[in-house]
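Reviewing the structure listed below.
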Amino acid sequence: MSRLRPFAFAALLALPLAACADINVGRIDSPGSSFDTVNGSIRVGANSVVGDLETVNGSVFLGDDSRGEDLETVNGDIHVGDNVRIDSAETVNGDIVAGVELRCSGDLETVNGDIRLGRGADVDESVVTVNGRILLDGARVRGALEIVSGEIETGRGSKIGAITVHEARGSKTSKGKPRVTVGADSVVGPIVFEQAGELRVHRSARVGKISGVEPVYFD
């Protein structure tokens, strides 16, 4: 599994106290312009073009029909609207939620949180949560869907490069078995379970090699 970048967060912690406030921006067209704070949320309006949006204790919001680069927080959610393009989104304790037709050229990652993508999402790299759910609807993910404990639902018509359920190590033991559901008409590459879990596959779906788990097929 890829790891959250520690240095960007360390830099944020070094910001002066003046940066401890919410940032609210209406429509802005300024490619490469970044906004950051420590104890506060960042909100950027619809039809905007911006660079990085980074905070430590707060959430990040990017409005409909916008373009952003790296969206990051530690303790907070990341919300993007419909028809948004970003490079990546990362949080530690929070959810990542996107409207329809998201375009992401990198990874979507959280540790303790869910990732929910609206219909038609297109992600070039991987979608990762350690303790949470990944919920997709007609999405394309060229990389892998990765969890340790939690749940994956691909939704009808999704196209996924691979699915990996990683082994639970140390304190990251699961309260229940991880569960993966491959929805109707989905196309998924290899599916690997490194620990005990449950795999349900719709009979209309096409999947690659399955290892580490016995699938249950459903209609």
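Read in order, the letters of the sequence shown are residues -21 to -1, 1 to 198 in mature numbering (1 follows the signal peptide of the UniProt record, and there is no 0).
Ideal Cβ positions, reconstructed from N, Cα and C, are used throughout, including at glycine.
Quick caveat, the model's predicted, so the values are computed rather than measured.
Open item on the list: Buried or exposed, going by whether 16 or more other CB atoms sit within 10 Å of the CB of I94?
Closed with: The residue is buried, with at least 16 neighbouring Cβ atoms inside 10 Å.
- [ ] Quickly, what does DSSP pair E88 with across the bridge? List them, please.
- [x] Note: E88 sits in a beta bridge opposite E69, V107.
Open item on the list: Rounded to whole angstroms, what is the Cα-Cα separation between A68 and V39?
Closed with: Between the alpha carbons of A68 and V39 lies a gap of roughly 10 angstroms.
Open item on the list: Quick check on R64: does DSSP put it in helix, strand or coil?
Closed with: DSSP places R64 in strand when its eight states are reduced to three.
TODO: Could you please give the first and the last residue of the uninterrupted beta strand (DSSP E) stretch that includes I7?
DONE: According to the DSSP assignment, I7 belongs to no beta strand (DSSP E), since it is labelled neither H nor E.
TODO: Could you please give me the residues that DSSP links to residue 201 through a beta bridge?
DONE: Residue 201 is absent from the model: the chain starts at -21 and stops at 198.
- [ ] Look at G155 and E132 and say whether their C-beta atoms are less than 9 angstroms apart.
- [x] No, these two residues do not count as a Cβ contact at 9 angstroms.
Task: Segment limits, beta strand (DSSP E) that includes H181 - done: Element bounds for H181: 177 to 181.
Task: Closest residue to R121 among I113, I142, T108, V109 (Cα-Cα distance) - done: With distances taken between Cα atoms, R121 lies closest to I142.
Open item on the list: Quick test of your reading: S20 and S45, contact by CB under 8 angstroms. State the CB separation rounded to the nearest angstrom.
Closed with: So it is not a contact: roughly 16 angstroms between Cβ atoms.
Open item on the list: If I measure Cβ to Cβ from F197 and keep anything under 8 angstroms in the same chain, skipping five residues before and after, which residues do I get?
Closed with: The answer, listed in chain order, is R179, V180, H181, R182.
Task: CA-to-CA distance, D15 to G134, given in whole angstroms - done: If I take the Cα positions, the gap works out to 35 angstroms.
TODO: State the DSSP-derived secondary structure class of L50, mapped to helix, strand or coil.
DONE: Residue state for L50 is assigned as strand, using DSSP reduced to three classes.
Task: Environment of G5 [buried if 16+ CB atoms lie within 10 Å] - done: It counts as exposed.
- [ ] Pull up the distance between the alpha-carbon of V186 and that of I7, whole angstroms please.
- [x] When rounded, the separation of the alpha-carbon atoms in V186 and I7 is 43 angstroms.
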